[in-house]
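Peer 1: According to our numbering, the sequence shown is numbered sequentially starting from 14. By construction, the Cβ of each residue, glycine as well, lies at the ideal position given by its N, Cα and C atoms. All values reported here derive from a predicted model rather than from experimental measurement. The following block contains the structure, expressed as structure tokens.
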Amino acid sequence: MPTTPPGKWLWFLPIRALDAGWRLVERAVWDGKLGPGAKVATLGNVFDGDPTRRPVVIFTADCTDEGDVHRVLVALRTLGINDALAYKTDEATALGEYGDRVSLYTSPAGTTKVVRRTPRYAAPA
14 MPTTPPGKWL
24 WFLPIRALDA
34 GWRLVERAVW
44 DGKLGPGAKV
54 ATLGNVFDGD
64 PTRRPVVIFT
74 ADCTDEGDVH
84 RVLVALRTLG
94 INDALAYKTD
104 EATALGEYGD
114 RVSLYTSPAG
124 TTKVVRRTPR
134 YAAPA
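In structure tokens:
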């Protein structure tokens with residue numbers, strides 16, 4: 014049975030704002046306004062570019078469904094999330110790829126514009 018490749022919007026917040034940001038996203042997921050799920054990273058890891066920030070991750074079911082990717086972005090903006098956002102595939106995470114270079118889409122702060130990018134993964138060993 015074929016499966017669709019999931020993806021996720023990444024919203025990086027200062028640690029002091031993480032609880033409030035998470036509650037906002039969690040409620041919207043429960044209310045059916047976003048994608049199929051979300052999670053928050055409360056601990057840092059070796060891939061963190063900025064140790065003072067943590068991601069709230071908002072999933073979409075299919076990273077190739079640009080309409081749904083945009084719908085979730087618009088819902089995030091409607092919630093008042095106006096920071097710049099990045100979108101990456103679960104495949105990139107599974108491959109251990111992190112950072113701006115692996116984003117499939119970005120959205121500039123305060124817009125509902127989805128900017129398509131060509132992700133750059135590390136060359137296989």
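1) Which same chain residues end up closer than 8 angstroms to residue 189 when comparing Cβ atoms and leaving out the 5 residues on each side of it in sequence?
2) Can you give me the Cβ contacts of residue 78 inside the same chain, cut-off strictly under 8 angstroms, excluding the 5 residues immediately before and after it?
3) For residue 98, which of helix, strand or coil comes out of DSSP?
4) Contact between the region 63-72 and the region 26-44 is defined here as three or more beta-carbon pairs at a separation below 8 angstroms; is this criterion met?
5) With distances taken between CB atoms, is the gap from residue 85 to residue 48 smaller than 7 angstroms?
6) Short of 7 angstroms in beta carbon distance, which residues of its chain neighbour residue 37, apart from the five on each side in sequence? Order them along the chain.
Peer 2: Reading off the structure:
1) As shown, the chain starts at 14 and ends at 138. That puts residue 189 outside it, with no answer to give.
2) 17
3) strand
4) yes
5) yes
6) 92
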